[in-house]
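S.K.:
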Amino acid sequence: MPGTLTDDIEIIEAGHGRGGGVPAGGDDDGGDGGSGLPAIPRRAYFTAMQLGLAGIVMFFMALTSSFLVRKGLGTDWVAIALPPVLWFNSLVLLVSSATIQAAGRRLEAGDAQSFRYWWGLTIALGLLFLSGQVIAWRQLAAQGVFLSSNPDSSFFYLLTAAHGLHLAGGILALLYVAFRPWRRSRITQATAAALAGIYWHFMDGLWLFLLALLYLGR
Amino acid sequence: MVAHDSGGGGHQHHPPSGFIRKWIFSVDHKVIGIQYYFLALFSVFLGMGLSVLMRIHLVWPNAQLPSWLWPGGGQMTSEEYLALMTMHGSIMVFMVLTTAPQSGFGNFILPIQIGAADMAFPVLNMLSFWVTFLSLMVLGAAFFVEGGPPISGWTAYPPLSALGEIAGPGQGAGQTLWVVGVGIFCIAALLGALNFITTTLDLRAKGMTLSRMPLTVWAWLITAILSLLSFGVLLAACILLLLDRTAGTSFFIPGGLVLTDTPVTDHKGGSPLLWQHLFWFFGHPEVYIAILPGMGVASHILSTFARKPVFGYKAMVAAMSSIGFLGFMVWGHHMFMSGLSPYSAFAFSLLTMAIGVPSAIKTFNWLGTLWGGKIQFNTSMLFALGFVSLFVTGGLSGLFLAQPSIDLYMHDTYFVVAHFHLIMGVAAIFGIFTASYFWFPKMFGRMLNETIGKIHFWITFAGVYAIFMPMHFLGLAGHPRRYADTTGVNYLGPLDEVHYFITIAALITIAAQFLFVINFFYSLKAGQKASENPWNATTLEWSVASPPPFDNFGGQEPVVYRGAYEYGVPDAADDYVPQHLAPAKAGKAH
Amino acid sequence: MQRKRAEAGSTAVACILALFLVVFTGITVYCFVAKTWWFPPSITAFGALIDAQFQRTLIITGIVFVLAQLGLAWAVFRFRDQGQKATYFEGHTGMELVWTAGTLVLFVGLGIYGERAWAEARFNEAAPGALQVEVTGMQFAWNFRYAGPDGRWGGLRPELISASTGNPVGIDPQDVGGKDDVVSPVLYVPMNREVEVLIRTQDVTHNFNVRELRLKQDAVPGLVIHMHFNATVPGEYEIACAELCGLGHQRMRSFLNVVPQEEYDRWMQEQVAAMQP
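Residue numbers (the numbering used here), protein chains in the order written: chain A, -17 to 200; chain B, 2 to 591; chain C, 5 to 281.
Right, dumping it as C-alpha cells:
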C-alpha cells in the first residue's frame, strides 16, 4: 500500500468525473451527463444489477423451499396438470432472450433502427409471454383449479404471478430503455440496454427453473 | 477500471433548488439520512410510549386509566396489552433498529467516509426512504382500524396470525395491515441495501482501499449484505401469510382446527413451522442487522477518543464478517421448543455457541483499544463505553439460551426478554446515541450540549440496567413472557415486587430520554457552532465543513493515504493523522 | 497542535464510571449467588441434569462477565486522559489467536457438554410401559385425556368439540374405545412412574410448561409431540402456557398433581365413575 502513493500525487482537478487515474478504454460513460447527479463508474450499475438479482434469488428461494416443504408434508398434495400453453410460453421467452441479445449487439454497432426493431420484438414477445401465462391461468380456472384449491395449485399461481410481476417490471424497463432521453443520463443507452438484457436473461432462466420445479415437483 | 468523462467539462453536480426538491424529495444522501433519523426518532418515542403503557398495565392491571393516558379511559384489557406489545416490538425492530443505525447514519456518513459525492443511486435512495415512510403509515394504520392492532407479537406466528378475527381481536384488519406494512418495509430495505453495497464497492475514492475503510463502513457494508439476503425471505413469508389470510390458501394452517367451538373448515395441510423457519431465517440476520452498525460505531468512537488505533482492525473485520455469515445458520435456536428435530436443534445450538466467539473477539479488541489509551470522556465516548458493557451483559445471556437443554426452562420466559432487550433495546440504542452525539456536529453544524448529554447518559445507563437486569431473575423464576398480567398464575404473585421496580425504573429512564430530545432540538437552533473537526478525528467526514456542502467534497475527490485509525502515531506532528493528509504534511506515513 | 492538557474532569468521570461498573457487577453477582429470585426445586432426576448444566454455564459466563466488566472499569480508570500519550499499537496476533481458540473451546465445549441433558429429554423416547396422557391445549385451557381402563384411546372428531356439552376434545361417541376415556382439566400422575405426554392443540400454538419438570414443549397445530418425565416429588405444580396464543394467554393455567400410586388409582376410579352417564 504505501508504495503506490508518493508525494507527486495531485488533487484531482474539478470538472473531471469521478476517479482520476487510468481512463477506461473505449468507454464513454462516467460523466454526469446533464443529470445533475454526481458521476459514478459504469461498473457500479452492473454491481447493482447483480445485487438486485441476488435479492430476487433469495425471495424465490424462500418460495421454492416452501414449495418443497409443503409438498413433503404429504397429506393433501394434489398434483395439477400443467396447461400445455406453458411450454409455448417458455419457447416465447427463450426466443425473446435471443432477440434482446440481437438488439443489444445492433445498438453497440450503432444501428439504431435495427436496435429498435429487435428491442420492440423483445417487448412484444414479453407481452406475448404474459398473455400466455394469463391464458394458462384461465385454462386452470376453467378446470376448477384455483389459488386455494390445493397446495400445488396455490404454488402454481403464486410462482407464476411472482415471476410474471417481475417480468412485467422487466418490460417496463425495456420500454424505459427505448423511450427515455439518454442524453441527460449518467449512462448511455447501450449500457442501459446491457443491464436490461442481464435482467431479462435472468428472468428467462428463472422461469425455466420455476417450470422445472412445478413440473417435476407436482 | 474507473471510467472517465468523455466530454471533459461535463456539467457540474448541481445543488437542488426549491423546497420540495431540497427537503421533501431530496436525492441528497445527507438529507435522506436525516429523514430516516427523524423517522426513527419519532418511532422510538412511539415505541417507548407503548412500553410505558405496557409497564403500567403489568403492575396495575385493573386500574382505571385516565383518558389523557389511555384513549377513552378505563381499564386496559389483556388483548389491548398484547396489541401494544405487538406494535412495540414491530415498530422498535423495524422502524428504529433497522433504520437509524443503517439507513440513518449510514446514509449520511458512509458516502463521505469513503470519499464519494453521494450514494451510487440517489433517486433510488430517495425512493427507499419514502417506501419506508409508507410502510410506517400502513403499520400505524393498524392502530385505527376496527379491532385495533394485531396481538400476535412482532413474530406473528400462524395460525394465530393467519386465521383472522376468529383467533382474537386485532387479528382481522389489524393483522392484515401489519403483514402489508412489513412487506412494504422489506422492499424498502432491499432497495437501500443495494445502494449501500454498490456505493461501498464501487465509489470509494482514490486510496480508499478496503483495509483503509473505517470500521463503520465495514459494518454498514456487512449489514447491507445481510439485509439484501434476508429481507427477500421475509417478503416471501409475508406474501404466503397474506394469501392464507385472504385467499383461502393453507401454507401455514393445518386442518382440523376448532376455535371457540367453531371448526375451521376452509384450511388444511399447512405447517405453522414453515412460517417459523421463513421468519427466523430472516429474523436472525435481522438482529445482527440491528447490532452490527452499533459495533462499527463503537469501535470507531472508542479509537477516536482513546486516541489510539483500533486494536486488531483485521480481526474486527473478520469478526463482523463471521458474525454476518454465521448469522444465517443459527435461526433454529428460536425454534428449539417448536417441534424441531432435536438433532437439528443440537446443530443449531453449536453454531450459535460458535457465534459467541467473534463476539468475544470484538469485546477483547474493544478493551485492547482502550488499553494504553488516553481516554476522553465526552458523551459520545460514554455511550460507547456503555455499549461495551451492555453488549457483554446481553451477549452472555445468549450463551444460556443457545443451549436447548437450558432453553427447555428459559424459552419464552423473561430471561429471553432480558437478553434481547439488553442487546437490541439497549446496546444497539447506545450505538445510536453514541453516533448521535458524535455526528450531530457534522450533520447539523452545531454541538450538542455536553452537560445535558452526560446527565442523559448516566440516567440512561443506570436506568437500562435497572430495567432489564431484574428481568433475568423473573425468567429464572419461570415468569413466561407476553403475559398481560400476573394474576392468572399463582407463582407469579411473589414477582410483582420485581415488576414494580422495573416499571419505576422504566418510567424514570424513558422520562430521561426527553433530555436528549430537548438537547437535540435546542442545539439545532442555538447550539455552539461546530468547526470542521471538533473531535480531531481522522476519517474523511471530518475533512469537510460542518455540515458538508451539497456535494460533500466540493467537486474534488479526496485522496486517501492511510488507514482510518492513525491516532497517537509516534513522531507525528499531532496526536492524529487524518486519512486525507498527504504524507509530506504528516509525520510518518503509514 | 498537541493537546497535552487532559480533558477537565476526566478523573471524576472515570472514577464514577469505573465505580458504577464495579457496583453493578457486584450487585449482579450477589443476586445470582444469593439466588434472590430463582428456579423452584426440580422434581425429576432429569431436572438435576438441567440444573447442573445451568450451573456450569453460570460459572463460565459469570467469570467472563466479571472479568469483562471489571476489565472495562480498570481500563477506563487506568487510561483516563491525564496528559499522557496514548501507546500506539495496532493489535497482537498472538493474543487474538489465543482468545479466539480459548473462547471457541470454551463455548462450543460447553454446548457439547450440555448435549447429554438434551439427549435425555429428546433423543430418547419414553421408557416402555410409560403412562400415556394426551395433553390438549386450546384457547384458553388445558385438557388431559387418559385412555381409561380399557387402555384404548377413542377417536377424536374436531367438529364434535364442545366445551359446553362436556366434550372439550371432541371424542367420537361412535368409537367404543373412547367410551371410558377420562378427560380432566387437571393433570394427575403417579409419582416415580414414567409418564409420556402427547402434546397437541385444537386451535393455535400453545406451550405445555411446568417449571419443576424443567420441561416445556410447544403444542403445534397439526402435530402430536411426545415428551416424557418421571416425577419423584409429590405436590401440586402449575402448568402455565408458554407460547402466545391470544388474549387469554396469561390465564391459560392448569395443575400437575404428582401423587402416590394409590392416590392416583383412587382419583382415576373417581374420574371413570364420573364419566359414566
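Note that beta-carbon positions come from the ideal geometry of N, C-alpha and C, so glycine has one too.
Can you find a CB in chain B that lies within less than 8 Å of the CB of T81 of chain A?
M.R.: Against the first sequence, residue 81 of chain A aligns to sequence position 99. Closer than 8 Å: no.
S.K.: Check the Cβ-Cβ distances between N491 of chain B and every residue of chain C, and say whether any is below 8 Å.
M.R.: Looking up residue 491 of chain B in the second sequence gives position 490. With 8 Å as the cut-off, N491 of chain B counts as an interface residue toward chain C.
S.K.: Using a Cβ-Cβ cut-off of 8 Å, state whether E147 of chain B counts as contacting chain C.
M.R.: Here the question's residue 147 of chain B lines up with position 146 in the second sequence. No - not a single Cβ of chain C is within 8 Å of the one on E147 of chain B.
S.K.: Please state if the CB of M444 of chain B and the CB of L98 of chain B are separated by a distance shorter than 8 Å.
M.R.: Counted from its first residue, the second sequence places residue 98 of chain B at position 97. Counted from its first residue, the second sequence places residue 444 of chain B at position 443. Result no, Cβ atoms of L98 of chain B and M444 of chain B do not sit closer than 8 Å.
S.K.: DSSP on I65 of chain B, reduced to helix/strand/coil?
M.R.: Residue mapping note: residue 65 of chain B aligns to position 64 of the second sequence, counting from 1. Checking the sequence, you will find Gln at residue 65 of chain B rather than Ile. When DSSP states are grouped into helix, strand and coil, Q65 of chain B belongs to the coil group.
S.K.: Given a cut-off of 8 Å on the beta-carbon distance, is the pair R255 of chain C and G489 of chain B in contact?
M.R.: Within the third sequence, the letter at position 251 stands for residue 255 of chain C. Within the second sequence, the letter at position 488 stands for residue 489 of chain B. Yes, the Cβ-Cβ distance between R255 of chain C and G489 of chain B is below 8 Å.
S.K.: Could you tell me whether any Cβ in chain B is nearer than 8 Å to the Cβ of G37 of chain A?
M.R.: For the purposes of this step, residue 37 of chain A is taken as the residue at position 55 of the first sequence. Yes, contact with chain B.
S.K.: Determine the chain C residues that contact I362 of chain B at a beta-carbon separation under 8 Å, and present them in chain order.
M.R.: Taking the second sequence and counting its residues from 1, one reaches residue 362 of chain B at position 361. Those within 8 Å of I362 of chain B in chain C are E100, W103, T104, T107.
S.K.: Is the Cβ-Cβ distance between E247 of chain C and D207 of chain C less than 8 Å?
M.R.: Counting from one through the third sequence, the residue named residue 247 of chain C turns up at place 243. Counting from one through the third sequence, the residue named residue 207 of chain C turns up at place 203. No, the Cβ-Cβ distance between E247 of chain C and D207 of chain C is not below 8 Å.
S.K.: Just to make sure I have the definition right: I need the residues of chain C whose C-beta is within less than 7 Å of the C-beta of M88 of chain B. Which are they?
M.R.: Here residue 88 of chain B corresponds to residue number 87 of the second sequence, with the count starting at 1. Here the premise fails: no neighbours, minimum Cβ distance about 14 Å.
S.K.: Taking a Cβ distance cut-off of 8 Å, strictly less, list which residues of the segment 308 to 324 of chain B are near chain A, in chain order.
M.R.: none
S.K.: If I follow the unbroken beta strand (DSSP E) through E200 of chain C, where does it start and stop?
M.R.: For this step, residue 200 of chain C is matched to residue 196 along the third sequence. Membership of E200 of chain C in the beta strand (DSSP E) is indicated by the continuous run 198 to 205.
S.K.: Any beta carbon from chain A within less than 8 Å of G169 of chain B's own beta carbon?
M.R.: As a first step, residue 169 of chain B must be located in the second sequence, where it is residue number 168. No Cβ of chain A is located within less than 8 Å of the beta carbon of G169 of chain B.
S.K.: Any heavy atom of the ligand ATP closer than 7 Å to the Cβ of F43 of chain C?
M.R.: The model on display carries no ligand, and the ligand ATP is accordingly not part of it.
S.K.: Along the chain, where does the alpha helix (DSSP H) that runs through F83 of chain C open and close?
M.R.: As a working mapping, residue 83 of chain C is identified with position 79 in the third sequence. Neither: F83 of chain C is in no alpha helix (DSSP H) and is coded neither H nor E.
S.K.: Quick check on G50 of chain A: buried or exposed, where buried means 16 or more other Cβ atoms within 10 Å of its Cβ?
M.R.: What you label residue 50 of chain A is simply residue 68 of the first sequence in a count that begins at 1. Residue 50 of chain A is actually Leu in this sequence, not Gly. Exposed, because fewer than 16 other Cβ atoms sit within 10 Å of the Cβ of L50 of chain A.
S.K.: For chain A, find out if any of its Cβ atoms is closer than 8 Å to the Cβ of H30 of chain B; answer yes or no.
M.R.: Start at 1 with the first residue of the second sequence, and residue 30 of chain B comes out as number 29. Output row for H30 of chain B: interface = no.
S.K.: For Y344 of chain B, does the count of other Cβ atoms within 10 angstroms reach 16, so buried, or fall short, so exposed?
M.R.: As a working mapping, residue 344 of chain B is identified with position 343 in the second sequence. Flag for Y344 of chain B reads exposed.
S.K.: Hey, could you find the ends of the alpha helix (DSSP H) A106 of chain A is sitting in?
M.R.: Residue mapping note: residue 106 of chain A aligns to position 124 of the first sequence, counting from 1. Segment 94 to 124, the alpha helix (DSSP H) holding A106 of chain A.
S.K.: For A155 of chain A, return the contacting residues in chain B, with the cut-off set at a CB-CB distance below 7 Å.
M.R.: Taking the first residue of the first sequence as position 1, residue 155 of chain A is located at position 173. Identification of chain B residues near A155 of chain A by a Cβ-Cβ cut-off of 7 Å yields none; the smallest Cβ-Cβ distance measures about 14 Å.
S.K.: Taking DSSP as the reference, what is the three-state secondary structure of E266 of chain C?
M.R.: Taking the third sequence and counting its residues from 1, one reaches residue 266 of chain C at position 262. Looking at E266 of chain C - three-state DSSP - the assignment turns out to be helix.
S.K.: Thinking C-alpha only, which one of B:D262, B:I92, B:D29 is nearest A291 of chain B?
M.R.: In the second sequence, the residue the question calls residue 291 of chain B occupies position 290. It is B:I92.
S.K.: Thinking T107 of chain C and V358 of chain B are a contact (beta carbons under 8 Å), I'd like their distance in whole angstroms, please.
M.R.: Along the third sequence, read from residue 1 onward, the residue named residue 107 of chain C stands at position 103. Along the second sequence, read from residue 1 onward, the residue named residue 358 of chain B stands at position 357. Yes, they are in contact, since the Cβ atoms of T107 of chain C and V358 of chain B sit about 5 Å apart, within 8 Å.
S.K.: Out of curiosity, what's the CA-to-CA distance linking V1 of chain B and L71 of chain C?
M.R.: Here chain B comprises residues numbered 2 to 591, so residue 1 of chain B is not present and cannot be evaluated.
S.K.: Taking buried to mean at least 16 other C-beta atoms within 10 Å of its own C-beta, is G12 of chain A buried or exposed?
M.R.: By one-based count along the first sequence, residue 12 of chain A stands at place 30. Confidence at G12 of chain A is low in this model, with a pLDDT of 49, below 50, so the placement of that residue should be treated as unreliable; the coordinate-derived value is given next. Per the 10 Å Cβ criterion, buried.
S.K.: Determine the chain B residues that contact E163 of chain C at a beta-carbon separation under 7 Å, and present them in chain order.
M.R.: Within the third sequence, the letter at position 159 stands for residue 163 of chain C. Per Cβ cutoff of 7 Å: P264.
S.K.: Look up W146 of chain C in the DSSP assignment and say whether it is helix, strand or coil.
M.R.: Within the third sequence, numbered from 1, the residue matching residue 146 of chain C stands at position 142. In the structure shown, W146 of chain C sits in a strand (DSSP, three-state: E or B).
S.K.: Listed in chain order, which residues of the segment 198 to 230 of chain C have Cβ atoms closer than 8 Å to some Cβ of chain B?
M.R.: Q206, D207, V208, T209, N211, N213, R215, R218, L219, K220, Q221, D222, V224, P225, G226, L227, I229
S.K.: Counting contacts by CB-CB distance shorter than 8 Å, is P123 of chain B in contact with chain A?
M.R.: Mapped onto the second sequence, residue 123 of chain B falls at position 122. Taking Cβ atoms only, chain A reaches closer than 8 Å to P123 of chain B, which makes this a yes.
S.K.: Is there a Cβ of chain B sitting closer than 8 Å to that of M185 of chain A, yes or no?
M.R.: Taking the first residue of the first sequence as 1, we reach residue 185 of chain A at position 203. No, no contact with chain B.
S.K.: Taking CB distances under 8 Å as the criterion, tell me whether G126 of chain A reaches chain B.
M.R.: Taking the first sequence and counting its residues from 1, the one referred to as residue 126 of chain A is at position 144. Closer than 8 Å: no.
S.K.: Taking A101 of chain B as the reference, give the member of B:S342, B:W61, B:A190, B:D29 with the closest Cα.
M.R.: For the purposes of this step, residue 101 of chain B is taken as the residue at position 100 of the second sequence. Here the closest residue by C-alpha is B:A190.
S.K.: Does L154 of chain A pass the burial test, meaning 16 or more other C-beta atoms within 10 Å, or should it be called exposed?
M.R.: Position 172 of the first sequence holds residue 154 of chain A. It is exposed - the Cβ of L154 of chain A has fewer than 16 other Cβ atoms within 10 Å.
S.K.: Exposed or buried, S18 of chain B, counting other C-beta atoms within 10 Å across all chains shown (16 or more means buried)?
M.R.: Taking the first residue of the second sequence as 1, we reach residue 18 of chain B at position 17. The residue is exposed, with fewer than 16 neighbouring Cβ atoms inside 10 Å.
S.K.: What's the C-alpha gap between A6 of chain A and P23 of chain A?
M.R.: Along the first sequence, read from residue 1 onward, the residue named residue 6 of chain A stands at position 24. Along the first sequence, read from residue 1 onward, the residue named residue 23 of chain A stands at position 41. Unreliable positioning characterises A6 of chain A in this predicted model, as indicated by a pLDDT of 34, which lies under 50. The coordinate reading is nonetheless provided below. Distance between the alpha carbons of A6 of chain A and P23 of chain A: 10 Å.
S.K.: Quick check on P584 of chain B - is its C-beta less than 8 Å from some C-beta in chain C?
M.R.: Walking along the second sequence from the start, residue 584 of chain B turns up at place 583. Not one chain C Cβ lies under 8 Å of P584 of chain B.
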